[in-house]
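Asker: For what it's worth, the numbering used here labels the leading residue of the sequence shown as 79, then goes sequentially.
Dumping the structure here so I can ask a few things about it.
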Amino acid sequence: MPSLSRRPDTRAGLSEIDWTLGATSATLVHQYTLSGLGRSQQTQVTVPEGRLIIERENEEPAWFPAILRVVGELLNLPENWDSYGARRINPAAVAFALQLLSETMRTDTPIPQVVPTSGGSIQLEWHTRGIDLEIEIKSPGRLYISYEDHRHGVEWEGELTSDLTRLGDFIVEFSRHGR
Numbered sequence: 079m080p081s082l083s084r085r086p087d088t089r090a091g092l093s094e095i096d097w098t099l100g101a102t103s104a105t106l107v108h109q110y111t112l113s114g115l116g117r118s119q120q121t122q123v124t125v126p127e128g129r130l131i132i133e134r135e136n137e138e139p140a141w142f143p144a145i146l147r148v149v150g151e152l153l154n155l156p157e158n159w160d161s162y163g164a165r166r167i168n169p170a171a172v173a174f175a176l177q178l179l180s181e182t183m184r185t186d187t188p189i190p191q192v193v194p195t196s197g198g199s200i201q202l203e204w205h206t207r208g209i210d211l212e213i214e215i216k217s218p219g220r221l222y223i224s225y226e227d228h229r230h231g232v233e234w235e236g237e238l239t240s241d242l243t244r245l246g247d248f249i250v251e252f253s254r255h256g257r
């Protein structure tokens, strides 16, 4: 399966309805599938329109159960969950976030907080030991990153759509010093 960080453009020609990356796919109809995370094991999360099915080929990563529990709750938030017109959480954004985590999390990377956004997406957040890293999944293949290392005065924010090298560098730095 091609890595997210090596794909020239993860969104080229894809609609917000369907997103596919090699053996990983999410289709916004009645069933959502994310595969390629490891040994052939399957986990299902019930969502209002169907199910999110996650298939893994290897052992379950340490971060997986905690993240899965949270995204399961977020996927079941109703329309207008914040009483300000928030949208339901998009399962394709969740599938993309899980794929992103599977490719970027290291064994020494702390588990992120996962929070919903009013636009129907999710945000992954780490705030510890002087480093703040926030990744908003705007849509599959479109990320908004905010990184701040207060210890060294390093700040960066912007959108990433294809080259995730910068994000990988932030994860390495955060993993080294963020525990």
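We treat Cβ as the ideally placed atom computed from N, Cα and C, and that holds for glycine.
#1: Beta strand (DSSP E) containing residue 206: first to last residue?
#2: Measuring CB to CB, does residue 189 end up less than 7 Å from residue 144?
#3: DSSP state of residue 75, grouped into three classes?
#4: When burial is assigned at 16 or more other CB atoms within 10 Å of the CB, is residue 234 buried or exposed?
#5: Grab me the residues of residue 162's own chain with a C-beta within less than 7 Å of its C-beta, minus the 5 sequence neighbours each way, in chain order.
#6: Which class does residue 117 belong to by DSSP, given the choice of helix, strand or coil?
#7: Nearest to residue 242 by CA position, among 177, 126, 199 and 208, is which residue?
#8: Taking its Cβ as the centre, do 16 or more other Cβ atoms sit within 10 Å of residue 149, making it buried, or is it exposed?
#9: Does residue 126 pass the burial test, meaning 16 or more other C-beta atoms within 10 Å, or should it be called exposed?
Answerer: Looking at the coordinates:
#1: 200 to 206
#2: yes
#3: Outside the displayed range of the chain (79 to 257) lies residue 75, so it cannot be described from this structure.
#4: exposed
#5: 196
#6: Here residue 117 scores only 47 on pLDDT, less than 50, and its place in the model should not be relied on; the value that follows carries that caveat. Note: residue 117 maps to coil in three-state DSSP.
#7: 177
#8: buried
#9: exposed
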